[in-house]
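Structure first, then comments.
Residue numbers (mature numbering (1 follows the signal peptide of the UniProt record, and there is no 0)): -19 to -1, 1 to 169.
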């Protein structure tokens, strides 16, 4: 088992189960890991002052319904981070790598033809998965985003933790500062 101690329950390996109280089929992916300075693990930290090595991350993605009833829910839980601090986080298109920008741009349901995308018509929480959070006094935080679509297979590969909350104004929409850490997530 690697330092990252990742537990993956991919939708291909998991039989669909009925979602409680909703009666619709659900598939999902769960990743649990510890951030490491090595870019070869499931979770990498690029800034150990703000995302210390050994801090923990859990990402849970669930898909519900289909067609016009399609929904995707992504939850992010972090612990061991700087207390009382706001972090931005988004789903990105590529896996984590040795450099922060290796994870590519934000995943967008309707891709902006201009990249990097800062147009609020595309860079918004209805077209992307935004998981901003504020940590508590113990350095723990969590966030969940639900969108009215399914992630296209193979086009979303990681969740990136950013320096601050996500901007919404034109010319800055979707930006959240430096990429502090990244976790590989084979989103279904």
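For each residue, glycine too, the CB sits at the ideal point set by N, CA and C.
Apart from the five residues just before and just after residue 104, which ones in its own chain have a Cβ nearer than 6 Å to its Cβ? 98, 154, 155
Quick check on residue 49: does DSSP put it in helix, strand or coil? helix
Taking the continuous beta strand (DSSP E) assigned at residue 68, which residues delimit it? 67 to 73
DSSP three-state label for residue 84, please. helix
Less than 9 Å between the beta carbons of residue 106 and residue 138, yes or no? no
Could you pull out every residue in the same chain whose Cβ sits closer than 7 Å to the Cβ of residue 20, ignoring the five residues on either side in sequence? 77, 78, 79
Using only alpha-carbon positions, find the residue among 32, 36, 129 that is nearest to residue 48. 129
Using C-beta distances below 6 Å, list every residue in its chain close to residue 165, excluding the 5 sequence neighbours before and after it, in chain order. 23, 76, 77, 139
Residue 42 in three-state terms, based on DSSP: strand
Residue 95 and residue 108 look like a contact to me (Cβ under 8 Å); what is the Cβ gap, rounded to whole Å? Their Cβ separation, rounded to whole angstroms, is 14 Å, which puts residue 95 and residue 108 out of contact at 8 Å.
Identity of the residues DSSP links to residue 37 by a beta bridge: 15, 60
Nearest by alpha-carbon distance to residue 124: which of 131, 72, 159, 152 is it? 72
Where residue 25 falls, given that 16 or more other Cβ within 10 Å makes a residue buried: buried
Check for me: the beta strand (DSSP E) holding residue 122 runs from which residue to which? 122 to 128
So what does DSSP say about residue 156, is it helix, strand or coil? coil
Could you have a look at residue 26 and say whether DSSP puts it in helix, strand or coil? strand
Under the rule that 16 or more other beta-carbon atoms within 10 Å means buried, what is residue 147, buried or exposed? buried
Does the beta-carbon of residue 42 have 16 or more other beta-carbons within 10 angstroms, so that it is buried, or is it exposed? buried
Cβ-Cβ separation, residue 131 to residue 67 (assumed contact under 8 Å), whole Å: Residue 67 to residue 131, Cβ: 29 Å. No contact.
C-alpha gap between residue 150 and residue 113, whole angstroms: 16 Å
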